[in-house]
Amino acid sequence: MMKMKWIGIVAAVIIVVIGVGLLCFGDKIKTIYISLNSFKDKNLAHTFQHTPEIQPVKKIARGEEVFRFPREENIVLADGFAFEGSVYSTEEFIEDTKTTAMLVIRDDVIKYEKYFMGGDEDTLFSSNSMGKSFVSALMGIAVSEGYVESIEDPIGKYVPEFVGTSLENIPIRACLKMASGINFNEDTDMSGFSMRTLMGKPAMEVIAGYGVQEEPFTYRRYLSINTEILGNVITNATGYSLAEFMEEKLWKKIGTAHDAYWTLSNGTELAMGGLSVSLEDYARFARLYLHEGNYRGEQVLPKEWLKDSMDISGGCRREMKESSWQSVSMDSGSM
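So in numbering that gives the first Met the number 0, spot 176 of the sequence shown is number 175, and the numbers just go up one at a time.
Below, the structure is given as structure tokens:
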């Protein structure tokens, strides 16, 4: 009889604990479940085309004027292409890489545009790390308008969570170059970082605990948390959220055709990669770079910033890893 009584007490305690857990963390547990389910292989195409319907987001409204690319009838793609000594079938490459859209523009004219796996011109494709290029652009605007005094400033000047830590004196430039030296491994630490932030721990507090493993500018190592830091620098310096700053300073100024959306983590834009944008609007952003940051007479992005952001020369060594090529690609926001 006593044994049954203790079993009942233990069961009651377990039920109470579960109930309290669901009450306190129910929404976060639901968010984690949705996120994990969304990134299952069978759901990926739908996820990347419908992120604003799946995740919490903040809207970035387009402007009134739309820049329309002239278009021609789709060109015929080559049957195959050569890369590093091997020849690949174009059709098989598109299928194997699960390409959901392809756009070819030359001299501002659309030569080829095709959508796969259910997408179309109105689909907003989640950019993931390609969104880092937008953060780099926003940093350039923040510097040019005086919100950020200099990219030589230490990140601790703008991120209070870093004051008194080994990260405090890392220059903003080092984060832009993916050369901050923070003790973080993109392959092994990202899941833990994501889980802690999903459960409500502020991202800058989590990053502050990693410390550094080498002096800034020693190596270029692709770390998404560098861009997360840059996003925090921008918001703290400007007083805008990233979505608000992008809407006012960029999105309404370059003739975009659709609203964009920025994925939120704990109510804050995910700077490391959370933008959902239509395919042609990605092209409109790229067109801004081709025109040295100028759109119809307005210098939206500083010309020198644009030039420097794509300069991969000098300054630091690349850590020799399989993914090291990413550290100098445009989506790293390199400076």
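Heads up, the beta-carbon is just placed ideally off N, CA and C, and yes, glycines get one too.
Contact between L175 and M245 fails: their C-beta atoms lie close to 17 Å from each other, not under 8 Å. By the Cβ neighbour-count rule, Y221 is buried, with 16 or more other Cβ atoms within 10 Å of its own.
F133 is a Cβ neighbour of L274, given a cutoff of 8 Å.
Separation of G199 and N225 (C-alpha to C-alpha, rounded to the nearest whole angstrom) is 20 Å. The C-beta distance from K57 to W261 rounds to 5 Å, short enough to fall under 8 Å. When L263, I311, I59, Y114 are compared, the shortest CA-CA separation from L197 is found for L263.
With fewer than 16 other beta carbons inside 10 angstroms of its own, N73 counts as exposed.
Pairing F124 with E94, the inter-Cα distance amounts to about 18 Å.
Within the DSSP bridge table, the entry for E151 names no partner.
N235 and S88 have their C-alpha atoms roughly 48 Å apart.
In the DSSP annotation of this structure, the continuous segment of the alpha helix (DSSP H) that includes F244 starts and ends at 241-248. Boundaries of the alpha helix (DSSP H) harbouring T196: 189-197, taken from the DSSP string. Per DSSP, the beta bridge partners of P170 are P153. In this structure, R283 is the residue among F66, L249, R283 with its C-alpha nearest to the C-alpha of V103.
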